[in-house]
Amino acid sequence: MPQSADKVLDHNKLFHEPEYKEMFKNKRATFENAPTAPQVTEILDWTKSWDYREKNLAREALVINPAKACQPLGAVFAAAGYEGTMSFVHGSQGCVAYYRSHLSRHFKEPASAVSSSMTEDAAVFGGLVNMVDGLANTYALYQPKMIAVSTTCMAEVIGDDLNSFIIQAKEKGSVPEEFDVPFAHTPAFVGSHVDGYDNMQKGILTHFWKGAERSETDSINIIPGFDGFAVANIREMNRMLGEMGVDYTVLCDVSDVYDTPSDGNFQMYAGGTKLDDVKAAVNAKATLSLQEYCTKRTLEFCEEVGQKTAALHYPMGVAGTDEFLMTVSELTGKEVPASLTLERGRLVDAMADSQAYLHGKTYAIYGDPDFVYAMAKFVMETGGEPTHCLATNGSKAWAKKMQALLDSSPFGKGCQVWAGKDLWHLRSILATEPADLLIGNSYGKYIERDLNIPLIRLTFPIFDRHHHHRFPTFGYQGGLTVLVKILDTIFDKLDTNTGTLGETDISFDLTR
Amino acid sequence: MAKDIPDPIAPEKLIEEVLSAYPAKAQKKRAKHLNVAAPAPEGETEIASKCDTVKSNIKSVPGVMTIRGCAYAGSKGVVWGPVKDMVHISHGPVGCGHYSWSQRRNYYTGTTGVDSFVTFQFTTDFQEKDIVFGGDKKLEKTIDEINALFPLSKGITVQSECPIGLIGDDIEAVARKKKKDVNKTIVPVRCEGFRGVSQSLGHHIANDAIRDWVFNGGEESSYEPGPYDVNIIGDYNIGGDAWASRMLLEEIGLNVVGSWSGDATLAEIENAPKARLNLIHCYRSMNYICRYMEENYGVGWMEYNFFGPSQIAASLRAIAAKFDKTVQDKAEEVIAKYQPLVDAVLAKYKPRLEGKKVMLYVGGLRPRHVVDAYHDLGMEICGTGYEFAHGDDYKRTGEYIKEGTLIYDDVTGYELEKFIEGMRPDLVGSGIKEKYPVQKMGIPFRQMHSWDYSGPYHGYDGFAIFARDMDLAINNPVWGLFDAPWKKSA
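Chains A and B, in that order, are what the protein sequence lines are.
Start counting the first sequence at 0; every next residue gets the next number (numbering that gives the first Met the number 0).
Start counting the second sequence at 0; every next residue gets the next number (numbering that gives the first Met the number 0).
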């Protein structure tokens, strides 16, 4: 009997006990109709071959392990960053359960959102009744300051018109006439979560800004974009802008929403951008997006109302942060203070101290388009060589932009850009053309296992490690977090490779 | 502990309070789903209390935080997804497959990507043009590509997402055609998320797909059955539950022919109708196919419960009673063999857990089946409810719970929080969406869908882990740190 009360074994160890191993062997031999061991080995080897890679890359219809989610997730994330806002997802209810679970699993925090719970009858007759009753229930139960409505693919396929439905719901008294109910159509079969973020941002700004009288101020707006590290990144950004003395409004601030304290109270609505600030933000002289691919439509709208706009690609690393600070400086006329110059010097110092371990390391990087861009840029600054950059939700335009970035440095030479490809493509690519390190989210752990390439988790979602999002990746300080994660992975690998007593431990070094 | 809370509020009063927050129409609907377990009616002495007056399996009220999922979640996420040597296509837009990717910890053995595919996400990733022109051609091509890239896969299921049914795609025709082309079992499953009121219909649809496309349309099984052949039905091997159960069944002399669907292969499903008996753990999700196997193949079925030593022993005896004396004697031997483990676990953990109050809100069978495991540890259940139960589940619940227990069906986030605040249990067992709000209140929590990434909880091996996990949840020092010392009242 493997189990004991003295030392309780759970699944990690229990199933490696002889009793269980014997059971698995018997099951496979007797009942599973499993392929033989040589067959498995043959196919496993083949999946790592060039022949397989060619067949795999030729795929036209099937998508395997894509590094993207669907629009409504981005919409729910964006809405969460506004004061007292409840996300109301119009459509079939299972989707909302998924968004809430997904966000909770990453942030280890509550994620609130409601559904209009449409079923077969709504598929036939439309979801108006669900909207009318639903808004009334949400308003009564959860007492939000704003309800942000987005759609699932079901509501989009049947063609429900949110604008008209919300007007009718208000006429029927579901919520008061003046109550804020911005909306966005977010079909899951168009784009990905970054588009949903964009559409909801645009929906909220349109709601507050459309037709507003604008009197320009010196303030600027900053849109962080969909970011799994938003909790620490927005705070780090606030700190930097505080050092600069900039007057600004963060449009969609989830930093407190997904980081509430444990003090005995559950706060459904914590933090978020104040609705009055959103209204006033129309007067800002400019809107700066930190992630261009999350904000294309939103920035177009900002231009329409008369603001200047600028977009970055996730300010990470030295040049990425430089660009952020200089853009802010340009937009606001505020100088970059000595304190930030000092921080910059410290990051550069750290990079210089460690450059011998970073120089020439090769990387495969995947994730959202802006993240991959920023990560590749930072990697090249350290003397690393990105060899594969992949964004399942990356467009041809993105690939072109990536190529221009890679061409700008000798360290980007030979890097291949993979727009629209998935993580099973990446596995084939790395099996045939390996890299030293893999950078992405938790889903990369399958590639890590199959190909023995260490994974560094630096983007959303991270399910299998805790609290990474509590440390910034933005800014010079964030650069240090990223740098240390990369270095730790490199050092761990060195130690593993030299860690067998009396066999491989000649270079098992104490000092590096 | 962290918050100063007055004495617990009576369940009847709590129900009244939460209902008062709703608009009239929703209030009327929700009132039918909330109740307090009453004494058993006269004559029904076997049942400790009755709670089957609760209405269930009705549409959720719109605009509230229902904890329910959808039919796709029921079929792909629960029933089909764990079948390891088949490829399951999330047919439609990218999201559903993405969010359900590797989230239920359906453990399996095998070489992932070669002969096992549970932790993969296969999708047709619908784009706008697929909505406009239909996705059948894309599905055909997808099946060809799967066949070329994964030659050792034994079959394919097509898990329909919402748009498939709405745009009128004929996935059944595609399945029939491609079965001939690739000569493998192909199963179309009409589990669009808008069907039915919860994941429950997805379970039923998934069961019907087994009936129609595996039993009556798949390969003829050449398996030679024996007198001790049984199937484990409705165990999804979360954290290895089905394995801890299989261990016991094999120890009492039974052969587990099929494991449904945790760690299952297609062959195990095909062979199942030749078994002597179906042993069903999650009644809600797989009773349908058991009834079908009974009617059409004469395979009897019985429910069992492997949570906690009282129920494990009772179940082992009940299962053994369906076989000969050899098995019955072995069952007694096995119960005796594990008694020292049970005694040691209880000796260690019962003193730390005795008298603690628990509230549950889960799906399937757990709101009733785990109750006695808590009782074995000296704990009390003060409230329980299901996400997607039907009337027969609530009837079955009466066997387990005591009079005065708060019962809530399809509870909304609002209601659950208010109930927890009012009852101040020592532990809440529910899902990931409920975990963090509850913990913020300072109340220990265990995820009772995924065992909080622990497990197994089934069987004797699992009970030790269950006891340990309840102890580590409740007795961790962190719950005493919520109040800053400078804010603590004198």
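No residue lacks a Cβ here, since even glycine has one placed at the ideal position from N, Cα and C.
Counted within 10 angstroms of its Cβ, other Cβ atoms place residue i as buried (16 or more) or exposed
i                : result
Ser173 (chain A) : buried
Trp397 (chain A) : buried
His468 (chain A) : buried
Ala229 (chain A) : buried
Ile505 (chain A) : exposed
Thr325 (chain B) : exposed
Pro17 (chain A)  : exposed
Asn451 (chain A) : exposed
Arg511 (chain A) : exposed
Leu247 (chain B) : buried
Leu341 (chain A) : exposed
His202 (chain B) : buried
Within-7 angstroms CB hit, residue i to chain A
i                : result
Lys439 (chain B) : yes
Gly192 (chain B) : yes
Gly252 (chain B) : no
Ile464 (chain B) : yes
Ala72 (chain B)  : yes
Ala1 (chain B)   : The predicted position of Ala1 (chain B) is uncertain, since its pLDDT is 45 and thus under 50; a value taken from the coordinates is nonetheless stated next. So, interface residue.
Gly216 (chain B) : no
Arg467 (chain B) : yes
Cys281 (chain B) : no
Lys347 (chain B) : yes
Residue-chain proximity (residue i, chain B), Cβ-Cβ < 7 angstroms
i                : result
Gln142 (chain A) : no
Ala310 (chain A) : no
Ser394 (chain A) : no
Leu437 (chain A) : no
Glu21 (chain A)  : no
Arg52 (chain A)  : no
Ile63 (chain A)  : yes
Gly93 (chain A)  : yes
Thr431 (chain A) : no
Thr137 (chain A) : yes
Arg58 (chain A)  : yes
Met239 (chain A) : no
Nearest to residue i (by Cα), restricted to the options the options
i                : options                                : result
Leu204 (chain A) : A:His192, A:Phe14, A:Arg296, A:Ser214  : A:Arg296
Gln266 (chain A) : B:Trp485, B:Met440, B:Cys69            : B:Met440
Phe481 (chain B) : B:Ile442, B:Asp468, B:Ala466           : B:Ile442
Asp51 (chain B)  : B:Thr396, B:Gly238, B:Ala241           : B:Thr396
Lys58 (chain B)  : A:Val7, A:Val39, A:Ser115, A:Tyr51     : A:Ser115
Val437 (chain B) : B:Ile406, B:Glu386, B:Ser258, B:Leu359 : B:Leu359
Interface flag, residue i vs chain D, CB-CB below 7 angstroms
i                : result
Lys140 (chain B) : The structure shown contains no chain D; its protein chains are A and B.
Q: Answer yes if the segment 260 to 278 of chain A comes into contact with the segment 181 to 200 of chain A, meaning at least three C-beta pairs across the two stretches below 8 angstroms, and no otherwise.
A: no
Q. According to a CB-to-CB cut-off of less than 9 angstroms, which residues of the segment 90 to 103 of chain B neighbour chain A?
A. Gly91, Pro92, Val93, Gly94, Cys95, Gly96, His97, Tyr98, Ser99, Trp100, Ser101, Gln102
Q | Inter-stretch contact at 8 angstroms, needing at least 3 Cβ pairs: the segment 24 to 44 of chain B / the segment 347 to 361 of chain B | A | no
Q | Given 8 angstroms, three or more beta-carbon pairs between the segment 129 to 139 of chain B and the segment 156 to 176 of chain B | A | yes
Q: Closer than 8 angstroms, Cβ to Cβ, to anything on chain A: give me those residues from the segment 446 to 459 of chain B, in chain order.
A: Ser453, Gly454, Pro455, Tyr459
Q. Taking any Cβ of chain A, which residues in the segment 103 to 136 of chain B have a Cβ under 8 angstroms from it, in chain order?
A. Tyr106, Thr108, Gly109, Thr110, Thr111, Gly112, Val113, Asp114, Thr118, Phe119, Gln120, Phe121, Thr122, Thr123, Asp124, Phe125, Gln126, Glu127, Asp129, Ile130
Q. Looking at C-beta atoms only, is the number of pairs between the segment 176 to 192 of chain A and the segment 348 to 359 of chain A that lie closer than 8 angstroms three or more?
A. no
**Q.** Members of the segment 262 to 282 of chain A near chain B, C-beta cut-off 7 angstroms
**A.** Asp262, Gly263, Asn264, Phe265
Q) Taking a cut of 8 angstroms between CB atoms, which residues from the segment 363 to 378 of chain A lie near chain B? A) none
Q) When you check each C-beta in the segment 32 to 64 of chain B against every C-beta of chain A, which residues fall closer than 8 angstroms? A) Lys58, Ser59, Val60, Pro61, Gly62, Val63, Met64
Q: Please determine if the segment 468 to 478 of chain B and the segment 120 to 131 of chain B are in contact, where contact requires at least 3 C-beta pairs separated by less than 8 angstroms.
A: no
Q | Three-pair Cβ contact test at 8 angstroms for the segment 279 to 287 of chain A versus the segment 357 to 370 of chain A | A | no
Q.
Any contact between the segment 136 to 144 of chain A and the segment 53 to 70 of chain A? By contact I mean 3 or more CB pairs, one from each, below 8 angstroms.
A. no
Q: Determine, using beta-carbon pairs with one atom in the segment 298 to 314 of chain A and one in the segment 90 to 105 of chain A, whether at least three such pairs fall under 8 angstroms.
A: no
Q) Listed from N- to C-terminal order along the chain, which residues in the segment 155 to 182 of chain B have their beta-carbon within a distance smaller than 9 angstroms of any beta-carbon of chain A? A) Glu160, Cys161, Pro162, Gly164, Leu165, Ile166
Q) Would you say the segment 411 to 431 of chain B touches the segment 335 to 349 of chain B, given that touching needs at least three Cβ pairs under 8 angstroms? A) no
Q | chain A contacts from the segment 257 to 279 of chain B (Cβ-Cβ distance under 8 angstroms) | A | Gly257, Ser258, Asp262, Thr264, Leu265, Ala266, Glu267, Asn270
Q. Is the number of C-beta pairs between the segment 334 to 343 of chain B and the segment 267 to 277 of chain B that are closer than 8 angstroms three or more?
A. no
Q: Pair every Cβ in the segment 67 to 77 of chain B with every Cβ in the segment 178 to 194 of chain B, then say whether three or more of these pairs are closer than 8 angstroms.
A: yes
Q. Should the segment 258 to 277 of chain B be called in touch with the segment 137 to 147 of chain B, which here means at least 3 C-beta pairs below 8 angstroms?
A. no
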